[in-house]
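A short write-up of the structure that comes next.
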Amino acid sequence: MMTLACAKETERYSMAEDKVLTPRSEDFSAWYNGVVQRAELAGYSPVRGCMVIRPHGYAIWELMQQALDGMFKATGHQNAYFPLFLPQSFLQKEAEHVEGFAPEIALVTHGGGKELEEPLVIRPTSEAIIWPIMADWIQSYRDLPMLINQWANIVRWEMRTRPFLRTLEFLWQEGHTAHATWDDAQRETLLILGLYRQFMEEYMAMPPVTGIKTEWDKFAGADRTYACEAMMQDNWALQAGTSHNLGQNFARAFDVKYQTEDGEHDYVWSTSWGVSTRLVGGLVMTHSDDTGLVLPPKLAPIQVVIVPIWKSDDEKTRVLEAGARLEKTLNGDLRVRFDDRDTLNPGAKYYEWEGKGVPIRIEIGPKDLEKKQVMAVLRVSEDPKARKTPIPDGEVTARIPALLDEMQAALLESALRRREENSYRGVSDYDEFKSIISGGGGFIHTGYCGAEECETKVKDDTKATVRVIPDEDFASDEVPDKCICGGPAEYEVVWARAY
RNA sequence: CGGGACGUGGCGCAGUCCGGUAGCGCGCCUGAAUGGGGUUCAGGAGGUCGCGGGUUCGAAUCCCGCCGUCCCGACCA
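Here the numbering used here runs 214 ahead of the position in the first sequence, where the first position is 1.
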């Protein structure tokens, strides 16, 4: 029974709730949704499972695109654009491919008011439309390697969806390359995996573990799938990028042949690889806190916000002038916003920009003008006392970029530390494994027998799955000779609960 | 597709049991003061109550049907 007093308490509580995010420690999922909303990254749409990427969220994606696109171009790739629709029969040419994607296909059956002779599949990935076309472009070994990338939207009909992490439609880039030898294709696959890792570390400050997927977890139609697995703040893994060596599977299915140096004909060796707007979700879950979004400076659409403070009209004039001048000074090298709105008081602005993840706020008030300084406030800082630092006017142009660099490095550092603190190596006892998973989880390195049924059982018991067979950089010095199922271990794997 | 909840101004909800002038908070607009961490006061705009049918003098409210969304499961970048 609820008394009147209780009802009032509840009411007051929920009003306060409006302004406070659900704490990360209390409900990670609710916290995540809150951060996305508060930062105005995305919103829901009238269509189930689809989302609207709002300007601030899209600006982050654009910064990611710029960095990645530069890396692809620097390694010889060219952008192109292939159609959204592919004939249903094309998808069916590669047996594993069609089987893998069948459950999540969206099909267009009508166009122009008439039923189509052959239904069109909305691309869930573009191999099936790209290879018939690239086949025409490739005649001789002189055309190889052919290195193509496209930025596009794709559709996969998912049952459960979450903003950025899983939606029916999402944005990504997909690279498609053709090579003369298996070795070349393999080199390309690993080159891209390395670029992804570098991007995630240097730009996102989200250090992934890289490795190869098990046979049954590969991309549908690939010989080998490599992945970047990043650890989120709830210790769950996020598959953040994949790179596939497709062997000659698609070349055979789509008859992509070239003439070799000695006049023979052979199928090309191909690769495909992609990262998506899911990275934005990963960024949120890697760094953000109970105040809202935290962005690494390299991917912050606004790196510095200037907030003026005044009382009298005279102060207002002088402070606005100083703010505008500072904006102009910093604007060349940095992405700066001067918040001169006079409809909000400074405190309200602080909350707004912190919620949106702006790395540095510069406050300018009458006291600062007097002392010929500005007050720089960091969005996050290892040392709480160092959060607010006065900077003399003359040092601003040097100090602010330096502070941004320091913050970028500190974010990577703390993400790395968190990953190491929550990684467990040499685990061979299943009870120990289970207690790690139930006690907060993490990345668990174990020996593995190599049987799919073994993973299925562990998944049923604990929800954890094999993420990857770790690359050299992440492999343990010593691996137990026993799998957690008790059987003999064939190789090392990394387990985690995953998104 | 199974289990659960819910559709009422932009957002979050109350009102539905027991039919009788459509309400509250946030946000928004106007004005004044305020301004170094979510400011206050005063005034104001905004809703065919998801859709269709039925019962009734009268339906947000009762009945029937449909549609949609969210949460939990099986599937997944």
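Where is the CB? At the ideal position from N, CA and C, for every residue including glycine.
Alpha-carbon spacing of residue i relative to residue j, whole angstroms
{"i": "M420", "j": "N363", "result": "24 Å"}
{"i": "G655", "j": "A451", "result": "10 Å"}
{"i": "G478", "j": "H393", "result": "In the sequence as displayed, the identity of residue 478 is Glu instead of Gly. Approximately 15 Å between the Cα atoms of the pair."}
{"i": "V322", "j": "E388", "result": "22 Å"}
{"i": "F688", "j": "K307", "result": "37 Å"}
{"i": "L382", "j": "M265", "result": "9 Å"}
{"i": "Y355", "j": "T439", "result": "25 Å"}
{"i": "I426", "j": "N545", "result": "43 Å"}
{"i": "L534", "j": "Y272", "result": "30 Å"}
{"i": "L218", "j": "S259", "result": "In this predicted model, L218 has a pLDDT of only 25, less than 50, meaning its place in the structure is not dependable enough to derive any value."}
{"i": "E475", "j": "D398", "result": "16 Å"}
{"i": "Q473", "j": "Q353", "result": "6 Å"}
{"i": "T339", "j": "E568", "result": "37 Å"}
{"i": "G701", "j": "K677", "result": "21 Å"}
{"i": "F242", "j": "N463", "result": "41 Å"}
{"i": "H659", "j": "S303", "result": "42 Å"}
{"i": "E669", "j": "S649", "result": "17 Å"}
{"i": "E231", "j": "G248", "result": "Residue confidence is low: E231 scores 48 on pLDDT, short of 50, so the model does not pin down where it sits. Its coordinate-derived value is still stated next. Cα to Cα, the separation comes out at about 11 Å."}
{"i": "G298", "j": "M348", "result": "Looking at the sequence shown, residue 298 is not Gly but Leu. Their Cα atoms are separated by approximately 16 Å."}
{"i": "E541", "j": "R555", "result": "15 Å"}
{"i": "F315", "j": "I336", "result": "11 Å"}
{"i": "A623", "j": "E416", "result": "8 Å"}
{"i": "R601", "j": "D528", "result": "30 Å"}
{"i": "E329", "j": "W430", "result": "37 Å"}
{"i": "L548", "j": "E609", "result": "15 Å"}
{"i": "C663", "j": "R551", "result": "55 Å"}
{"i": "I267", "j": "G326", "result": "29 Å"}
{"i": "R401", "j": "A342", "result": "23 Å"}
{"i": "L630", "j": "M621", "result": "14 Å"}
{"i": "P560", "j": "G496", "result": "31 Å"}
{"i": "K581", "j": "L592", "result": "20 Å"}
{"i": "T543", "j": "D597", "result": "28 Å"}
Cβ separation of residue i and residue j, assumed to be a contact under 8 Å, to the nearest whole Å
{"i": "V498", "j": "V250", "result": "6 Å"}
{"i": "P301", "j": "L334", "result": "6 Å"}
{"i": "D503", "j": "R238", "result": "7 Å"}
{"i": "A444", "j": "T500", "result": "7 Å"}
{"i": "F487", "j": "I368", "result": "The displayed chain sequence assigns Trp, not Phe, to residue 487. Going by Cβ atoms, the distance from W487 to I368 rounds to 14 Å, so no, they are not a contact pair."}
{"i": "L618", "j": "Q453", "result": "Rounded, the Cβ-Cβ distance is 29 Å, inconsistent with contact."}
{"i": "K570", "j": "H270", "result": "6 Å"}
{"i": "I698", "j": "S642", "result": "6 Å"}
{"i": "Y713", "j": "L305", "result": "Actually they are not in contact, since the Cβ atoms of Y713 and L305 sit about 26 Å apart, beyond 8 Å."}
{"i": "E170", "j": "S690", "result": "Absent from the structure is residue 170, since the part of the chain shown begins at 215 and ends at 713."}
{"i": "L513", "j": "L277", "result": "5 Å"}
Contact under 8 Å by Cβ, residue i with residue j
{"i": "R370", "j": "E318", "result": "yes"}
{"i": "G661", "j": "P694", "result": "yes"}
{"i": "D553", "j": "V508", "result": "no"}
{"i": "I576", "j": "A562", "result": "no"}
{"i": "V489", "j": "W275", "result": "no"}
{"i": "C442", "j": "M418", "result": "no"}
{"i": "D515", "j": "P573", "result": "Per the sequence shown, residue 515 should be read as Pro rather than Asp. Cβ distance not < 8 Å, so P515 and P573 don't count as in contact."}
{"i": "V680", "j": "T428", "result": "yes"}
{"i": "V708", "j": "V423", "result": "yes"}
{"i": "R492", "j": "Y481", "result": "no"}
{"i": "F468", "j": "W351", "result": "no"}
{"i": "Q587", "j": "P606", "result": "yes"}
{"i": "I578", "j": "A612", "result": "no"}
{"i": "Q292", "j": "L361", "result": "yes"}
{"i": "S484", "j": "T395", "result": "no"}
{"i": "L255", "j": "W245", "result": "no"}
{"i": "L583", "j": "R633", "result": "no"}
{"i": "N459", "j": "A436", "result": "yes"}
{"i": "G263", "j": "E372", "result": "yes"}
{"i": "A710", "j": "F647", "result": "no"}
Where are the beta strand (DSSP E) runs, 3 residues long or more, that stay fully inside the region 582–652, in chain order? 587–592, 602–606 and 637–641
Please list the segments of the alpha helix (DSSP H) lying wholly inside the region 654–712, counting only runs of 4 or more residues, in order along the chain. 666–676
At least three beta-carbon pairs within less than 8 Å, the region 405–412 to the region 281–293: yes
Could you name each continuous beta strand (DSSP E) segment of 3 residues or more that falls completely within the region 277–341, going from the start of the chain to the end? 299–301, 320–325 and 328–336
Count the C-beta pairs between the region 522–529 and the region 634–646 that are closer than 8 Å, then say yes if the count reaches three, no if not. Per the Cβ contact rule, the region 522–529 is not in contact with the region 634–646 (fewer than 3 Cβ pairs under 8 Å).
Those runs of the alpha helix (DSSP H) which lie wholly inside the region 552–577 and span at least 4 residues: 560–569
If we require 3 or more residues per run, which beta strand (DSSP E) segments fall completely within the region 502–539? If you keep only unbroken beta strand (DSSP E) runs of at least 3 residues inside the region 502–539, you get 518–522.
Give the list of continuous alpha helix (DSSP H) stretches no shorter than 4 residues that lie fully inside the region 443–494. Listed in chain order, the complete alpha helix (DSSP H) runs (minimum 4 residues) inside the region 443–494 are 463–468.
Mind listing, in chain order, the continuous alpha helix (DSSP H) runs of no fewer than 4 residues lying wholly within the region 388–423? 396–416
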